[in-house]
Amino acid sequence: MSNVAVGLPYAPNNPNLTFIFFIALTLLAVLGVRFSYYAYRNRRTSEPGTGEGLWELLVLAGLGAVGFALLGLVELLTVFALPFKMGLLLAAVFVLAVALRVLYRSVVPATADDGADSERGLMRAAVVGVVFVGLVLIGRHPLLLGVMGLSALGFALSGGRYGRRGAAEARVQGTVVDTLLRHLLPVVLFAALVPALDLAVLVGLDRIVVLHIQVVFVIMTATTLMTATIKLRQNLASL
0 MSNVAVGLPY APNNPNLTFI FFIALTLLAV LGVRFSYYAY RNRRTSEPGT
50 GEGLWELLVL AGLGAVGFAL LGLVELLTVF ALPFKMGLLL AAVFVLAVAL
100 RVLYRSVVPA TADDGADSER GLMRAAVVGV VFVGLVLIGR HPLLLGVMGL
150 SALGFALSGG RYGRRGAAEA RVQGTVVDTL LRHLLPVVLF AALVPALDLA
200 VLVGLDRIVV LHIQVVFVIM TATTLMTATI KLRQNLASL
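If you count the sequence shown from 1, position 43 lands on 42 in numbering that gives the first Met the number 0, and the numbers rise without skipping.
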C-alpha cells in the first residue's frame, strides 16, 4: 500500500487532463475570492451580533477553497509537490458544515445535545488539523488519505443533515436562511467528493480515472460556489 500514488497530482504526459485541471482550479480560485469577498461585505453590513459567526465561517470556507486552488495551480505549473493542498479543501468542507449547523440553529432552538455537538465539532476540527499536518510532514500516505476521505464524507453527511432539516422548517421558507441552506448544501457535497474520491484509488481504481472524476467535482464545486455568491450579493443588496 505504501507505493500507491493517490491525491490530486497531475498525470504526466496527459496534456488534456492538465489543461482541464488548470481551467477548473483557476475558476475555483476566482469564484472562491468572490465568495469570501461578499461574505465579508455581508459581515460588515449586518448588525453586530447577528449570524453567530456565520459570515466569518463563510469567509474562511471561501479562502480554504482559494488556497486549495492556488496550491493546485502551483503544483501544476512547477515541479513542486504540495500534497497538503487537499487539507485546505477538507478544512473548507468542515467550515461549511459548521456554517450549515449555525444556520440550522438560527431557526431551531438548541437542545440538551448541543454540548455533545460542540464536542464532536472540536474532534472534527482536530481531525482536520491532524490530516493537514500529516500531509505536510509525510505526504500522501494511504492511511492518512483514507482518514481524509472518510472525514470529508462525514462532514458532508453532517452538514447535509443540518441543511435538509433546516430547509424543511416551515418558518424559514422563502427567507435568507432558507436560501443559504439550499445553496451551501451542494457546495459542501461537491467539495467533499474531491478528497473522498481518493478512497477509490486505495481500493484499486485506476488513478487516471479518479483524476478525471475529481476534476468534474472541482468544476461543480466552483459552479455551486458561484450560485451561492450570487445569493450573498443579493442579500447584501437587500440590507
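Every residue gets a Cβ at the ideal spot worked out from N, C-alpha and C, and that includes glycine.
In this model, Arg232 and Tyr37 are separated by some 6 Å (Cα to Cα). Only residues of its own chain outside the window of five on either side were considered, and among them Phe189 and Ala190 have a CB closer than 6 Å to the CB of Thr220, listed in chain order. In terms of Cα proximity to Ile19, the closest of Val217, Val126, Val187 and Val202 is Val217.
Looking from the CA of Asp177, the closest CA among Leu99, Pro141, Ser157 and Arg206 belongs to Leu99.
By the Cβ rule, the segment 83-90 counts as touching the segment 65-74, because three or more pairs are nearer than 8 Å. For Gly153, the secondary structure class from DSSP, reduced to helix, strand or coil, is helix. Taking 9 Å as the cut-off, the beta carbon of Gly31 is found closer than this to the beta carbon of Gly61. With respect to Ser150, Val127 sits close: the two C-beta atoms are nearer than 9 Å. Shown here, Leu180 sits in a helix according to DSSP, grouped into three states.
Between the C-alpha atoms of Leu56 and Thr17 there is a straight-line separation of about 32 Å. Relative to the Cα of Leu24, the nearest Cα in the group Trp54, Leu76 and Ser45 belongs to Leu76. Taken through DSSP and simplified to helix, strand or coil, Leu204 comes out as coil. If you ignore the 5 residues before and after Trp54, its C-beta comes within less than 8 Å of the C-beta of Ala38, Tyr39, Asn41, Arg42 and Ser45, all in its own chain and listed in chain order. By the neighbour-count criterion, in which 16 or more other beta carbons inside 10 Å mark a residue as buried, Thr223 falls on the buried side.
Annotated three-state conformation of Ser45 is coil, per DSSP. Remark: C-beta atoms of Arg104 and Thr228 do not approach each other more closely than 9 Å. Counting along the chain, Val65 sits inside the alpha helix (DSSP H) bounded by residues Leu53 to Leu76. Taken through DSSP and simplified to helix, strand or coil, Pro14 comes out as helix. As for any alpha helix (DSSP H) of minimum length 4 sitting wholly inside the segment 128-152, there is none.
For the pair Leu179 and Leu102, the CB atoms are nearer than the 9 Å cut-off. In the structure shown, Phe79 falls within a coil segment according to DSSP collapsed to helix, strand and coil. About 6 Å separates the CB atoms of Leu95 and Leu183; that is less than 8 Å, so the two are in contact. Leu72 is the residue among Asn15, Leu72, Asn13 and Ala80 whose C-alpha sits nearest the C-alpha of Leu26. Secondary structure note for Val101: its alpha helix (DSSP H) is the uninterrupted segment Lys84 to Arg104. In the three-state DSSP reduction, Ala227 falls in the helix class (H, G or I). For Thr25, the secondary structure class from DSSP, reduced to helix, strand or coil, is helix.
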